[in-house]
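Below you'll find the structure, written out as structure tokens, and then a few comments.
Protein chains: 2
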Amino acid sequence: MRAEILCVGSELLLGQIIDTNAAYIATQLAGIGVDLHRKQTAGDNLERITDCIQGALSRADVLVITGGLGPTTDDLTREAIAAALGVELQYQEDLAANLRAFFAKRNYPISDTTLRQAYLPAGCVELHNPVGTAPGVQFEGQFRGVGDKWIFAVPGVPREMKAMLDGGIVPILTQKMGGERQIIVSRVLRSFGIGESGLADQVEDILTTATNPTVAPLIFGNTEVHLRLTAKARNEAQAKELLDEMEARLRERVGQYIFGSDAQTLPSVTLDLLQKRGATLGVAESLTGGVLQGFVSETAGSSATFRGGVVAYNADLKRDILGVAAQTIEENGVVSEAVAREMALGAQRLTGATFALATTGEAGPTTQSGAPVGTVWLALAHENGVVTEKREFFGDRDAIRRRAALAALDSLRRFLLSP
Amino acid sequence: MRAEILCVGSELLLGQIIDTNAAYIATQLAGIGVDLHRKQTAGDNLERITDCIQGALSRADVLVITGGLGPTTDDLTREAIAAALGVELQYQEDLAANLRAFFAKRNYPISDTTLRQAYLPAGCVELHNPVGTAPGVQFEGQFRGVGDKWIFAVPGVPREMKAMLDGGIVPILTQKMGGERQIIVSRVLRSFGIGESGLADQVEDILTTATNPTVAPLIFGNTEVHLRLTAKARNEAQAKELLDEMEARLRERVGQYIFGSDAQTLPSVTLDLLQKRGATLGVAESLTGGVLQGFVSETAGSSATFRGGVVAYNADLKRDILGVAAQTIEENGVVSEAVAREMALGAQRLTGATFALATTGEAGPTTQSGAPVGTVWLALAHENGVVTEKREFFGDRDAIRRRAALAALDSLRRFLLSP
């Protein structure tokens, strides 16, 4: 069963509001084994909405329309469905009675405008809206001589759309699909420290040949590369088995870059590893300016492990708070291995933590330190010493800062996993 | 001139990422008088992408495609354009040379996968990508016997899309449209510290009656409310006059909440005020855990004003580094006015800054301190003392932390503006 979505509304088309409905619909349809093939967005124009409906019905079995069901004259979904099916709008006395009752109960006057919502295209039935006034529209039948076509139209208000999808459309389609239903389950493997093409190269054959689950690489937040596994199965257990098997194949190849899956984040995974060995963390930041500590503390419960740290943005503070020797700064510059090392040791001492991370570098857009923009020294003070790492990051100021902060966390994660 | 947008990517279709590109494209096209008629979203499927391209070209003059230009085999936009136009892909030695140079410069190995990006559909030219490796695609010519059809394909990465739209597509189309254009210019007034309906209530009559410019309220990033002014005019000067006049009307009503416009941010505006009086800033954070300092240091050149600070996540650090008295913590708890005050004074002393901000509170999801989730004490140490403020924030952990950090900055901004 193939589905399409049509989002109606000039405010969506022009980006004045961002569409989040389609994502919800796609996920719920996938959950009952309905494949979403295409999404269209049209402004409040009768001819174009009608054309979108006709196009969708000529390709797909199910069309879900959101928006354009309100009472005003720029709400054109009812008219467009009628035009696409070649039928008239018909006044529905029971819908009008519901609207009158709704308004009377709230002591609002009812207007002719509101009663536009009491019309349905001939051959369509009401799709009940349990949380709002605008009735939905449901059609089942033939389009251009082909039968078993479904149209569901729901309001664009997310709360109403969700109630009607969960309580109406999904149960109707689930029943319709009978025994043949298949579920679609996704799993995301999250990697850090390798680019999209670098990762893709190492699993190229899997990406191109795997069919169930399919595997697709995806850049996430400009810092991670995800591998999205999507399995079709008869039930959750079978889906899990297929996903587990594929995850094992992928980890065998590129496991060193994969830090977690689905909702796990680099900070949450790293804090878990610290907590398991009863260790704590302190931080000293220069170029990352608080971003690293912001990442560490974003995880609920991080205070059990993260003690705190210093943003030594100014060179004086590196000396005065963290105890970096003036001579070290003078001889090496602030963007240097020696300064990163002394910052990490200073943070470890100051916070009393088991481990301390330090960052110093040049975030740009122009160099303040003389070091090329993107140059970063990371240091990790552990129980028996300090390890340092020089990195070169690309991108704008924001990307360099975030990548440096995540790279520091990743260096700790790797250290904690090493034998 | 009619335009359509085609967004390519299964992750968009399935709602795993939300499309924000189309909104930017719609706004920029509107700015040069190009009407957007429809938007389509297709997954990574050659046949469907091709079909979407053919449909769009049969209706519109201009098609902007985002996504599907990367190096991996599920990046199919190049192939689909070729299929829609009925031409072959051709290897472009100059594009390959650029890719090789880009990778050589960064000391990355280049793979055959990457070189997929060196192919263009016959009859198309490169649309230059100034900020990434994936070259764009540009076509001008006939489709099914009708000429003056344009295709522009850009990567889905927002930064690259924007650079190519602003630097390539918009200038090309502007020139193409010649003298007949009417321009649309927007200005965003950014407010903090008031909700959307609170702000809307105070300017209700303007929102409903203003036609040129129109004024629309919009929640931004879950922390700010924006008023978007959109003017139609014959030229920039006329647009500016219309916008200036409306801005003055709005500022008369709600000016106390408006901290800036367009690209100005609360951190950038606050740092500007500090710099103007030659002052510096230090920070002590508890619940915000680095987020406040991350905001302060996100602005390029912030190191001239921001000295640094401490994340005293653990109570011991409030005492040991910031010098908060053990008795103060014991008597008042860490989420208290007294602790916030001593943290601010400690940060001012430690960093030697003119001003210091401090935050302490409960970010949730469950209370660690006993204070209700969302309770925050802010303190500002200035030249002659300390001011404190108790706030209650709502939302999840992330929202509470960000709102508290921005509220701290806003308290400093207001202090700097006060007589």
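Chains as they are written, first to last, in our numbering: chain A, 1 to 419; chain B, 1001 to 1419. For glycine and all other residues, C-beta sits at the position ideal for the given N, C-alpha and C.
E1298(B) sits buried, since 16 or more C-beta atoms from the chains shown fall within 10 Å of its C-beta. In the three-state DSSP reduction, Q327(A) falls in the helix class (H, G or I). Straight through space, the alpha carbons of F139(A) and A22(A) are spaced by roughly 20 Å. Looking at the DSSP output, T1375(B) shares a beta bridge with E1392(B). Taking a cut-off of 8 Å for Cβ pairs, the region 273-293 of chain A and the region 309-320 of chain A touch, as three or more such pairs fall below it.
For K232(A), the nearest beta carbon of chain B is not closer than 7 Å to its own beta carbon.
In terms of CA proximity to V387(A), W377(A) leads the group G395(A), W377(A), D396(A), F394(A). When the beta-carbon positions are compared, I1049(B) and A1042(B) come within less than 7 Å of each other. In this structure, DSSP gives I1219(B) an extended state, which the three-state scheme calls strand. A distance of 7 Å or more separates the beta carbons of A1084(B) and L1046(B). Our two residues, G1323(B) and R307(A), have alpha carbons roughly 16 Å apart in a direct line.
Positions of the alpha helix (DSSP H) runs, each at least 4 residues long and wholly inside the region 4-33 of chain A, are given as 10-13, 21-31 in order along the chain. T1041, A1042, G1043, D1044, N1045, R1048, D1051, C1052, G1055, R1059, G1070, P1071, T1072, T1073, D1074: these are the residues of the region 1041-1075 of chain B whose beta carbon lies less than 9 Å from some beta carbon of chain A, given in chain order. Taken in chain order, the whole alpha helix (DSSP H) runs of length 4 or more contained in the region 18-106 of chain A are 21-31, 46-59, 77-85, 93-105.
I183(A) carries a strand assignment under DSSP once its states are collapsed to helix, strand and coil. When DSSP reads this structure, G1309(B) sits in a beta bridge with V311(A), V1283(B).
Scanning its chain for C-beta atoms nearer than 7 Å, with the 5 sequence neighbours on each side dropped, one finds around P1071(B) the residues T1113, T1114, R1116, Q1117, in chain order. If you draw a 10 Å sphere on the C-beta of M1177(B), you find fewer than 16 other C-beta atoms in it, and that means exposed. The C-alpha of T305(A) is placed about 48 Å away from the C-alpha of L6(A).
Judged by DSSP secondary structure, G346(A) falls within the alpha helix (DSSP H) whose first and last residues are 337-351. Taking a Cβ-Cβ threshold of 8 Å, none of the residues of chain B is close to S111(A); the smallest such distance is about 17 Å.
Taking C-alpha positions only, E389(A) is separated from G346(A) by approximately 17 Å. The region 1186-1199 of chain B makes contact with the region 1224-1232 of chain B, as at least three CB pairs between them are under 8 Å. Here T1211(B) is exposed. Its C-beta has fewer than 16 other C-beta atoms within 10 Å.
Close to H1037(B), with beta-carbon spacing below 9 Å, are these residues of chain A in chain order: L13, A42, G43, N45, R48.
For V1254(B), the enclosing alpha helix (DSSP H) starts and ends at 1236-1254. Under a 10 Å Cβ-count criterion, F355(A) is classified as buried, with 16 or more other Cβ atoms of the shown protein chains found around its own Cβ. Sixteen is the threshold: when 16 or more other Cβ atoms of the shown chains lie within 10 Å of the Cβ of E1285(B), as they do, the residue is buried. Put simply, the CB of G1309(B) is near chain A, with a gap under 7 Å to one of its CB atoms. Look at the region 184-216 of chain A: the residues with a C-beta under 7 Å from a C-beta of chain B are E196, S197, A200, D201, E204, L207, T208, A216. DSSP places V170(A) outside any beta strand (DSSP E); the residue lies instead in the alpha helix (DSSP H), whose first and last residues are 170-177.
Rounded to whole angstroms, the separation of the alpha carbons of T360(A) and A326(A) is 16 Å.
Of the candidates D166(A), A122(A), N129(A), A122(A) places its Cα closest to the Cα of V87(A).
Remark: C-beta atoms of V1008(B) and T1073(B) do not approach each other more closely than 7 Å.
Check the Cα spacing between A1353(B) and each of G1309(B), L1317(B), I1184(B), R1251(B): the tightest is with G1309(B).
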